[in-house]
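These notes are about the structure you will find just below.
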Amino acid sequence: MILILSDRRDEAVEMVLAGLGRRRAPVTWWDPGDFPARGHLTVTFGGGGHRLVLDPGTGEAPLDLAEVRAVWRRRPNPPTPAASVTDPSHRRHVVSQARFLLDGAWELTSARWMPARGEAERRAHNKIVHMAHAVALGFRVPETVYTNDPRELVPAHGRAGGRLVAKQIDSAEFTLDGADHRAYTTVVTRRHLTSRHRLGHEPVILQPYVPKAVELRVIVVGERVFAAEIDSQASRTAKDDWRHYDDDRVRYGAHRLPGAVERRCADLVTSLGLSYGAIDLILTPEGEYVFLEINPNGAWGFVEQRAGLPVADAIADWLATAGTGEGR
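Start counting the sequence shown at 56; every next residue gets the next number (our numbering).
Following this line, the structure appears as structure tokens:
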């Protein structure tokens with residue numbers, strides 16, 4: 056049995072389900088966002104052992120988690136209290152207790168995980184941690200400063216020859232005036248230098264601007280590596296950060312990595328205790344590959360749809376071969 060933990064509207068899961076169907080692999084798709092309002096989870100100890108049973112609350116039969124051989128933690132929602140629990144403090148308490156039970160149950164679930172169990176995934180997501188791994192493996196990285204010290208901004212700007220960028224330490228969205236926002240890569244201007252005191256409010260990443268021939272999204276699934284090149288320089292909107300998705304102008308295509316770089320990408324995922332990773336690289340005009348970051352659960356749908364790379368099939372293979380002695 057394969058257990059997929061994700062939002063029920065997740066199109067990436069739909070893409071992988073087709074491959075699992077061809078392999079006749081049994082699947083349960085459950086969103087922890089249904090818990091504890093609808094779904095039920097029971098952990099029982101006795102007789103020298105334990106039993107974990109998940110009732111999805113969707114009309115499907117309860118699932119003995121001992122039958123699960125692979126878990127894909129894709130994009131699950133956080134636990135959600137029942138609508139009848141209205142007091143904000145009570146709702147926070149319900150979420151806390153639900154997470155406690157979920158974390159313990161997942162820890163006892165004897166299966167292999169994509170990308171990893173929760174704590175390993177959270178650790179690998181930390182940019183400081185995974186950059187240290189990348190450096191140790193021999194990736195070229197820009198001179199990078201993580202700081203909230205305003206005194207660091209002017210020297211970093213000078214070392215970069217006046218071409219410095221600032222990034223969020225964590226790419227989580229935030230709310231501003233009631234609307235969702237995301238901070239993209241920002242080119243630091245002299246105007247920013249005059250208001251550098253604001254840096255003291257929140258840590259940022261400072262890096263020299265790296266010239267780009269193309270940007271690369273490298274997807275690692277187990278030992279398989281898929282590289283898509285993104286011609287972000289064809290767009291004024293996307294040239295500093297391809298996540299602006301100017302798809303009318305930006306070309307996507309398959310990219311052949313040098314063998315040593317491909318091996319390094321796979322080794323980075325392994326060193327972080329992951330079975331999946333989405334790595335962002337820059338290919339400079341001089342032909343150098345520069346590491347930026349790895350997202351343990353980063354997007355890959357566009358890599359398949361726009362660059363024609365069979366990522367969904369690779370994920371289905373990895374999940375379906377759990378317990379068969381194949382795969383990693």
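Ideal placement from N, C-alpha and C gives every residue a C-beta, glycine not left out.
In this text the structure is predicted, and so the values were computed from the model without any measurement.
Those residues which DSSP pairs with G104 across a bridge: The beta-bridge partner set that DSSP reports for G104 consists of G101.
Run through the stretch 179 to 265 for me and flag every whole beta strand (DSSP E) of 3 or more residues, listed as ranges in chain order. You should have 200 to 202, 219 to 223, 229 to 231, 234 to 236, 241 to 243, 259 to 263.
Bridge-paired residues (DSSP) for G308: In the DSSP secondary-structure assignment, G308 is bridged to E284.
With respect to 7 angstroms, is the separation between the Cβ of D225 and the closest non-hydrogen atom of the ligand ZN below this value? Absence of the ligand ZN from the depicted structure is noted, as is the absence of any ligand whatsoever, leaving it without description.
In the DSSP assignment, find the unbroken alpha helix (DSSP H) run with T83 in it and report its ends. For T83, no alpha helix (DSSP H) segment is defined; the enclosing uninterrupted segment is the beta strand (DSSP E) at 82 to 85.
For a quick check, are the C-beta atoms of F394 and L347 less than 8 angstroms apart? One cannot answer for residue 394 here, as it falls past the ends of the chain, which runs 56 to 383.
Just verifying my parser: in three-state terms, what is the DSSP assignment at T135? If DSSP states are grouped into helix, strand and coil, T135 belongs with the strands.
Considering only residues of the same chain and omitting the five flanking positions on each side of R251, which have a CB-CB separation below 6 angstroms? Once the five neighbours on either side are set aside, the close Cβ partners of R251 are P205, L208.
Compute the Euclidean distance between the alpha carbons of A160 and H247, then round it to the nearest angstrom. Distance from the CA of A160 to the CA of H247, rounded to the nearest whole angstrom, comes to 48 angstroms.
How about V98 and I57: do their beta carbons lie closer than 8 angstroms? Result no, Cβ atoms of V98 and I57 do not sit closer than 8 angstroms.
Would you call the stretch 126 to 144 in contact with the stretch 162 to 174, where contact means no fewer than 3 C-beta pairs closer than 8 angstroms? Contact between the stretch 126 to 144 and the stretch 162 to 174 is present: 3 or more CB-CB pairs across the two stretches fall below 8 angstroms.
Can you give the Cα-Cα distance for L338 and A191, rounded to whole angstroms? So the alpha carbons of these two residues sit roughly 20 angstroms apart.
When DSSP labels each residue in this structure, what does D335 get in the three-state scheme? Correct three-state label for D335: strand.
What is the DSSP secondary structure of V269, reduced to helix, strand or coil? In the structure shown, V269 sits in a strand (DSSP, three-state: E or B).
Between which residues of its own chain and H185 is the CB-CB distance below 8 angstroms, once the five residues before and five after are set aside? Excluding residues within five positions, the ones whose Cβ falls inside 8 angstroms are A179, L323, L327, E348, I349.
Output the distance between the C-alpha atoms of I334 and V316, rounded to the nearest integer angstrom. Straight-line spacing of the CA atoms in I334 and V316 works out to 12 angstroms.
Is it buried or exposed, A80, if we count other Cβ atoms within 10 angstroms and call 16 or more buried? A80 is buried by the Cβ-count criterion.
Simplified DSSP assignment, three categories, for W168: Here W168 sits in strand by DSSP.
Buried or exposed (CB count within 10 angstroms, at least 16 for buried), N352: Burial call: buried.
Consult DSSP for R146 and reduce its assignment to one of helix, strand or coil. DSSP places R146 in the helix class (H, G or I) of the three-state scheme.
Roughly how many angstroms lie between the CA atoms of V265 and P197, to the nearest whole one? One C-alpha to the other measures close to 8 angstroms.
Output the boundary residues of the alpha helix (DSSP H) element that contains A362. Here the alpha helix (DSSP H) through A362 covers 356 to 362.
Tell me the rounded alpha-carbon separation between M70 and A211. When rounded, the separation of the alpha-carbon atoms in M70 and A211 is 44 angstroms.
For V150, which residues of its own chain have a beta-carbon under 7 angstroms away from its beta-carbon, when the five flanking residues on both sides are left out? For V150, the CB contacts under 7 angstroms within the same chain, skipping 5 residues up- and downstream, are P133, P134, P136 in chain order.
Quick one: grab the DSSP three-state call for L58. L58: strand per DSSP, three-state reduction.
Answer yes or no: do D119 and G94 have a C-beta to C-beta separation smaller than 8 angstroms? In this structure, G94 does not lie closer than 8 angstroms to D119 by Cβ.
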